[in-house]
Structures are given as structure tokens and as C-alpha cells.
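Asks: Position 312 of the first sequence, counted from 1, bears residue number 312 in the UniProt record's numbering, the numbering being contiguous throughout. We put the beta carbon where it would ideally sit given N, CA and C, even for glycine. Model, not experiment: these values are computed from the prediction. One structure, pasted below without further comment.
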Amino acid sequence: MSHLNATAISRFKHLTQLHAQIIQHSLHNHNYWVSLLISHCTRLRAPPIYTRRIFNSTDQPNVYAFTNMLKFYSHIGAHTDVITLFGCLQISGVTPDAFVFPIVIKSFGKDAIVLHGHVLKTGHQSDRYVRNAIMGMYAKYGPICFARKLFDEMSERMAADWNSMISGYWRWGKRVEAHKLFTLMPERNVITWTAMITGYSNIQDLATARMYFDEMQEKNVVSWNAMLSGYSQNGFAEEAIELFNKMISSNVQPDETTWVSVISSCSERADPNLANSLVKMLNEKNVRLNSFVHTALLDMYAKCGNLEAARKIFNELGAFRNAVTWNAMISAYTRVGDLNSARQLFDKMPGKNVVSWNSMIAGYAQNGQSTMAIDIFKEMIKCSTNIKPDEVTMVSVISACGHLGALELGNWALKFINENQINLSISGYNSLIFMYSKCGNMKEAQRIFNKMKQHDVISFNTLITGFAAHGDGFSAIDLIKKMKKDGFQPDRITYIGVLTACSHSGLIKEGEKLFESIPTPDVDHYACMVDLLGRVGKLDEAKKLIEKMPMAPHAGVYGSLLNASRIRKRIDLGEFAANELFKIEPQNSGNYVLLSNMYASMGKWGNVERVRKEMKVIGVKKTTGWSFVEYNGKLHKFIVGDKSHERSDDIYKLLMELRKKMRVVGYNVDKESVLRDVEDEEKEEMVGTHSEKLAVCFAILVSEKGSSIRIVKNLRVCWDCHEAMKILSKLEGREIIVRDNNRFHLFRDGLCSCNDYW
DNA sequence: GTAGGGTTAG
């Protein structure tokens, strides 16, 4: 045994050399050699199974063997193995020494609190490292005041004690205390400074972080990485890349962590050229890449639009794939709208975590598949008991409910949030504001807004857009005033919202004043102004504004003019606008329909016919409209000509009855076309979609008498059905609320709340 | 044996 040489082992660079030694020598009951070999396994990153076999080869491991094995597990982050092995240690009757506790405390995480008493009993608290570990545990997991108490009780402190305390304060958001300790600390080291950089980065104060970075005397690669990741995680991609270049020219060798940060900044920029140059550098330097770097690269390729390269990395990673790798690939697919590929991966993925579910839910929600988003959320809470939805999940779900106008579902989701004590941040509350606005409940939307302790620009924009959809111009104007008073700078969305609100309430003076106040109005703001002028009947001014625009008008500009021309029956301008639209977007059927509706509303059926023929020649297909009603927590969807709904027969029967009833009260059914035969698809197609009639009938069938009827539809409420809803509201004696893409129309007693058809 | 830096989802 004597020729097994400790110095020789410490020079080994490869596991195979170690392996040869182990085979040559019988290691039974030789704890010294076992401990030594395990410590080299740690150094050489040996596989856990291999290392454990060495440990197991001794019948009675002593405290050194245990310590080194624990160290090995701790080093690779196998915390459950540390905990189990510590259990073995206690059972085997070996007395743990002071060396064991810091390792074990770290792996126990917040449960290490149970070890505190243990330590006191064994008297190990006199050991400075054990003391530091206990204090660090309280600093990390709280209560932070316990950590401070231990800190104050220390007669002499190591730098590590100060550093643990400082980063503990940062972790608990106590900037002032962290800073105070920093100034009090007698001998600050590189770790102290790095902790300050990270602290300020995490509260998004990059300027101060950079101040500390520039001021520190001695920097190592970790300090550079701290600054770099501060930039990259807060969206300062330019700064990150600049700092990285500086790092290279300062001759600091980047490590894997560096690459991860830089690559992720490059992903954010989505710049393929930059991506290529980074990959070139990686190849030149011939660096070892771990799975973090690979995943970052995968994400970078995906965000730069190279899905094949991303998938190639994914495939090549094979057994080295982890949950993050899978998630990155899944969202790569959802990002481009390839939900099928995303779903395929998702279904195959082992060990899904909350991010996997969130990616899939958000993927559906952002690609217009709100119903699917909610379905998969239901599946999530049904089949995975160990994965809890978090705020991100709920933001997607709530926003999906908003898009659907599904109030019952939205309330259910909110109840879920409360019952599961999910904390909401600003964006969580913003999604609630969005949902209630979209569901027509502005009171609740406002209540949530007022309840929020902090707002951001999006909070204001969401509520303003809600007011706009409800035609509440005054509230929108009040809100932009409050916004400025609170010190928020309105952005382009804010102005679009307020202008739209003015437009929907006919506030021409206020709108014009606001338009003047926009620092750099863009094409969308011009479109809003054209819409506003059009709605108040100043169509010629609208056309003049278009001619004066400093940029090329887009479809929205002419669309507004066309719509106004239709309402005001200005054939000349309508035809002008329509012709421009046909040039810009020849395949958009909506424009043809608008034009033909204009003709129809003036009884010019010949022209209607002409447009219809033109559509056929060009090959434009009218997109089918759908409407739905939320009933009993379920969404009931209706499409013209589709009779698959279970109550279909009753619905059509009711439609006939209503038609009779109308004749009795004196409406000309054919003229008003309210209940025109839905089988007449050709005419149906020309004058607009009437799926909402089916939806209304369903709602009449299932809802209580006297209650209001709420419908969501995916196309603009057209002239025809607008009239139909007015009449129906009178006939039925109740409110009908229709939400088309972003407008609310409240029909009551034969009138509509909106200003479209004055 | 202690303290500081990393990839994915809204």
C-alpha cells in the first residue's frame, strides 16, 4: 500500500489515472486513501456513481471519508445526497466534526434551522466557519434579524461574516443597511465589492453598480461577470457587449458564466451578425462549453431567427438536456407561432416545471388561441400537484380571459390567485385591469387601478385603452393628466389610447389639443386624428390632414376615412379611400365589405353586386366571423351556417319567432334585414357576418329574463347587425352588450351607446 | 470547511 503516493495522485489530471490506482490497490478499510481519492474525484469532476463506489468500498467510513464525500456532493449541487449521507453519518455513530456542519447547513437550505440546536449542543458554534454558516443561513432565508444578532455577538469577525451579512441585506431588499455595513467594514475585499455590484444591479440601479465596479481596485472574473449579468438581465444589451469587449482587451479570461451573459445579451439584440461573431470567438478560443452556455446559444439562435441551428443544439445535447433547454426550445417554437412543434416537445418533455407550462400557456395566449391557453391551464392544475401556477401563469390566463371577454372565467382565475396566495406584481395587476376592461367592467378595472400601490406606464395605458373602448373620453383625458402629474411620460400607446377615446366620444377640441402636444406624432396618431375628424363629420379636413402627413399613410388611415365616409354617406371619399386600401392591402376582405356596406346602406345594390364580383375575380375570401357567449363557465361559439351547437334547433326556431314578432310590431324584416334568412349565405356574406344573431338567440334561451346579454365578436359591428341589435334590445326589453375587436356597444331600448351611427 | 457571478416563461 505504501507505494500509493499522495503527491502523485494530486498531480493526476485524468480520472483514468486515478482509476488505475484504485484497481491496483485494495482499499478496504483504508479510510485515509478513500478520503484522499474522493477529494480528487471532486477536483476532477468524477461522476457521482463512480465516486460513491469508492466511498462504499470502506466498511466503516470515518469522519474524514464522510466529510469528503459530503464535500463532493455539495460541490456538484447534489443537496439531497448531502442530506441523506448526513443521515447515514448520524446513524453510523460517527461524531461529526466542525468541518461537516458548514457543508451540511448549506445543503439543508432553509431547513438548516433544525441544525442550529444540534450545533449548540455539540459546542461547534465556537468554530468560526460553523458560526458563519449558521449566520449565512439566517441571512439567506430569514429572519434577517437573527443573522444580525449572531453577527453582533461575534467577538471577532472574518471578512466572510461581513460579506454574508451584506449580501443578506441585499437579498431582503435592505439597501440602506447593506450600504451602512459596507462603509463600516474594516477590510473590504473583492467579494464585498462584487456583492455591492450585484445588489445595485438587482434593484436596477446600474449606474451605481457601475460606480462600484469602476472604483474597485482588484477585479476578478466574477466581478466582471457580476457587472456583465447586471447589464444583460436588465435589458442593457449594448452596455453588456461593450463591457465584454473591454474585458477582453483588459486580458481577463472569460469563463463559462461570462459567455452565458454575453450570449444572452446577444439574444436580446436578435442580431444575427453579432451572433455569428460570438460563435466565431468561441470557436477560436476553443472553450469548453457547459450546458448553460449551450442553452444560451440555443436561445440566441432561436431569437435571431435560426430555428434549425437552435434545434441542432437541442438534438446534440442529448442526455445533457435539462428543463431549461427544453423550455428554451419550446418557446423558440411558440415565438414563431409554431404551436404544433412546441406542443409536441411539451408532451414529450420529462420533468416539466412551471416555466414549461407557462411557456405553453403564453404561447397559446399570444397566438390568438385563448381558449387553448385556458384549457392547458386547467390541465396544469388538474394533473400536476407538485407544480404550482405562479404569477406568470396567471398573467397569461387572465389576459386570455380578457381577450375572450370571459368574465366568469376571469373571476374564477382571480379566485384561484387569492386562494393560492399568488402575489401579484405590477404586471399582474395590469393584466387584471386589462381583463376587466375587455369584459366591460370599467368600475372594477378602475378599482384595481386605484388599489395598486405602484403603477407603471402600462397600467395607465391599459386603463386608458379601456376607457377608449367604452367611449369614455373624459376619463381617458383625466387619466393622462394624472399620469403626467405622477411623473410618468406618456408613450405612443398612451396617445393612441386617449385620441381613440376622444374619437369615440366626439371630443374634437380636446383631441386636437392633445394631438398638438405629442412630441413626435407617428402614423398611428395621424390615423386616430383622421378617425376623430371623420367621426365628427369633418371629412374634408380629414382628407386634408392625410395629404399633409409627413409620412406615407398606412391602411389604418384610409380605413378610418372609409368608415367615416360610410357613416356620412360620402361616396366620393369612400371610393377614394377604398381604392387606396385596395392598393395597400389587396387581400383584406374587410375593405371590400366596408365599401359594399356603404353602397348597401344607400340602397345602391348594383354597386354592391359589382364589389362582390370584383372580390370573386381577385379571389378575396371574406373571413368568417364568429361570436360567442359565456354561459355557465363555458364559451359557446357561433359561426354563420354552422349548426353544430347542441341548442342549434332551438336557436333557429327562436330566430323564426322573433321574425314573426317583428312583423307584428311593424318592422320590415327584409329591409332591416335583422332576421333575414340565415340560409341566404350569399347575401349574408355581402352585408356582413351575423353570427351575433345566433349568439343573442342562445343567450335569450339560457339567460334569465331581464338580465343583460353579453356577446364578443371578432369583426367590427357592421351597419346591418348594429341595427339588428337595436331592434332586438327593444323587442326583448333588455340590454345587449356587444364587444367587437376593441369597442363596446351597449344596446338599450332601441338605441346604441356608440357614436358610430349618429 | 466561509462570503460574490450563469440559461428558459409574462
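1. Name the residue from A501, V696, H636 whose alpha carbon lies nearest to the alpha carbon of T465.
2. Is the beta carbon of A542 closer than 9 Å to that of N742?
3. Rank S356, R343, A309, L339 by C-alpha distance to the C-alpha of V324 and give the top, closest one.
4. Can you give me the Cβ contacts of T295 inside the same chain, cut-off strictly under 6 Å, excluding the 5 residues immediately before and after it?
5. If you draw a straight line from the alpha carbon of K312 to that of E242, how long is it in whole angstroms?
6. Is the beta carbon of G440 sitting closer than 9 Å to the one on R734?
7. Would you decide whether G473 is buried or exposed? Buried here means 16 or more other CB atoms lie within 10 Å of its CB.
8. Measure the CB-CB distance between T258 and N283 and report whether it falls below 9 Å.
9. Can you look up V252 in the DSSP assignment and give me helix, strand or coil?
10. Relative to the C-alpha of S589, which residue among M551, K604, A555, R568 is closest?
11. In angstroms with no decimal places, state the Cα-to-Cα distance between H403 and V397.
12. Does the segment 643-650 come close enough to the segment 612-623 that 3 or more CB-CB pairs lie under 8 Å?
13. DSSP three-state label for S747, please.
14. Taking only runs that begin and end inside the segment 333-401, name each unbroken alpha helix (DSSP H) of 4 or more residues, in chain order.
15. Decide if G511 is buried, meaning its Cβ has at least 16 other Cβ atoms within 10 Å, or exposed.
16. Could you compute how far the alpha carbon of V687 sits from the alpha carbon of A600?
17. Measure the C-alpha to C-alpha separation of C697 and R566 and round it to an integer number of angstroms.
18. Can you tell which of A207, K544, M615, N420 has the C-alpha that lies nearest to the C-alpha of P389?
19. Do V395 and S427 have their beta-carbon atoms positioned less than 9 Å apart in this structure?
20. Hey, how far is the Cα of V674 from the Cα of M725?
21. Is it true that the CB of I330 sits closer than 9 Å to the CB of S359?
22. Where does the unbroken alpha helix (DSSP H) through W162 begin, and where does it stop?
23. Does the distance from the CB of G471 to the CB of K438 come in under 9 Å?
24. With a cut-off of 8 Å, do at least 3 Cβ pairs link the segment 166-173 to the segment 143-153?
25. Could you tell me the alpha carbon to alpha carbon distance between S74 and Y138, rounded to whole angstroms?
26. Pick from K569, L562, K661: whose alpha carbon is nearest that of F582?
27. Going by alpha carbons, who is nearest to K544 out of V530, F449, S503?
28. For the beta strand (DSSP E) containing H636, list its first residue and its last residue.
29. Quick one, are the C-beta atoms of G337 and N367 less than 9 Å apart?
30. Would you report the Cα separation of I518 and N461, rounded to the nearest angstrom?
31. Assuming S596 contacts R612 under a Cβ cut-off of 8 Å, what Cβ separation, rounded to an integer in Å, is found between them?
32. Is DSSP giving E215 helix, strand or coil here?
33. Opposite residue 760 in the DSSP bridges: which residues?
34. Contact defined as beta carbons within less than 8 Å: I believe D524 pairs with R492. What is the distance between those atoms, to the nearest angstrom?
35. Are the CB atoms of H30 and T58 nearer to each other than 9 Å?
36. For residue 759, tell me which candidate among Y32, Q369, S39 has the shortest Cα-Cα distance.
Replies: On the basis of the coordinates in this document:
1. Of A501, V696, H636, the residue nearest in Cα terms is A501.
2. No, the Cβ-Cβ distance between N742 and A542 is not below 9 Å.
3. S356
4. V324, T325, A328
5. 29 Å
6. no
7. buried
8. no
9. coil
10. A555
11. 10 Å
12. no
13. It is worth fixing the name first, because residue 747 is Phe in this sequence and not Ser. Strand, per DSSP.
14. 339-348, 354-366, 370-383
15. buried
16. Bear in mind that the predicted position of V687 carries a pLDDT of just 44, short of 50, making it too unreliable to give a figure here.
17. 28 Å
18. Put simply, of A207, K544, M615, N420 the residue whose alpha carbon is nearest the alpha carbon of P389 is N420.
19. yes
20. Residue confidence is low: V674 scores 48 on pLDDT, short of 50, so the model does not pin down where it sits. No coordinate-derived value is stated.
21. yes
22. Its alpha helix (DSSP H) spans residues 159-171.
23. no
24. Taking 8 Å as the limit for Cβ pairs, the verdict is that the segment 143-153 does touch the segment 166-173.
25. 19 Å
26. Comparing C-alpha distances from F582 to each of K569, L562, K661 shows the shortest one belongs to L562.
27. V530
28. Element bounds for H636: 634-639.
29. Going by beta carbons, G337 and N367 fall inside the 9 Å limit.
30. C-alpha separation (whole angstroms): 15 Å.
31. 7 Å
32. helix
33. Because the chain here runs from 1 to 758, residue 760 falls outside it and cannot be looked at.
34. 7 Å
35. yes
36. No answer is possible for residue 759: it lies beyond the span of the chain, which begins at 1 and ends at 758.
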